[in-house]
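Numbering follows the working numbering, in which position 24 of the sequence shown is assigned residue number 352; successive positions increment by one, without gaps. Report on the following structure.
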Amino acid sequence: MQHTTWTDEEKKIARRVAQAALQRELAEVMAEFKSRAADAEHPDDMWSVLEYLARARQQIDTKYDFRYSQLPIVLGTLLREKRIEAGDLTGLSDAKLRCVRAVASLGARGNAG
329 MQHTTWTDEE
339 KKIARRVAQA
349 ALQRELAEVM
359 AEFKSRAADA
369 EHPDDMWSVL
379 EYLARARQQI
389 DTKYDFRYSQ
399 LPIVLGTLLR
409 EKRIEAGDLT
419 GLSDAKLRCV
429 RAVASLGARG
439 NAG
């Protein structure tokens with residue numbers, strides 16, 4: 329998929345879907361941050377919140393790579409995590425959809441248990 333050409337419409341679809349998933353995930357992190365911060369009672373609790381944010385940021389920064397060569401991996405990961413639905417990808421070529429589905433299936437069995 330590295331050298332696959334993306335049409336302008338496919339670029340719009342992929343970016344829209346990934347950006348929407350990113351915004352939802354950031355909202356989840358923000359809500360969790362607020363909850364943890366509100367529950368903090370001791371100085372050590374601050375560092376726990378900081379560690380949570382650092383982990384969340386690293387995971388998000390790694391997951392959401394918007395280079396076109398990486399978008400099938402990003403979209404497949406989001407599909408596997410149920411952050412997007414297959415219908416969100418309507419308009420992508422069959423080849424791209426196959427690649428996204430293949431990525432989504434990776435590790436799916438390991439996540440079941």
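Just so you know, even glycine gets a beta-carbon here, dropped at the ideal spot from N, CA and C.
Check	Outcome
I'd like the list of long-range same chain contacts for Trp334, defined as Cβ closer than 6 Å, with 5 residues on each side in sequence excluded.	Tyr396
Taking the alpha-carbon positions, what's the Phe394 to Asp372 distance?	36 Å
Here's a check: name, in chain order, each residue in its chain whose Cβ is nearer than 6 Å to the Cβ of Arg429, leaving out the five neighbours to either side.	none
Roughly how many angstroms separate the alpha carbons of Ala423 and Glu413, rounded to a whole number?	17 Å
Bridge partners for Thr418 per DSSP, in chain order?	Leu420
Which residue from Arg426, Ala365, Thr418, Lys391 puts its Cα closest to that of Lys339?	Thr418
Going by beta-carbon coordinates alone, are Leu350 and Tyr392 separated by less than 8 Å?	yes
Pick helix, strand or coil for Asp372, following the three-state DSSP scheme.	helix
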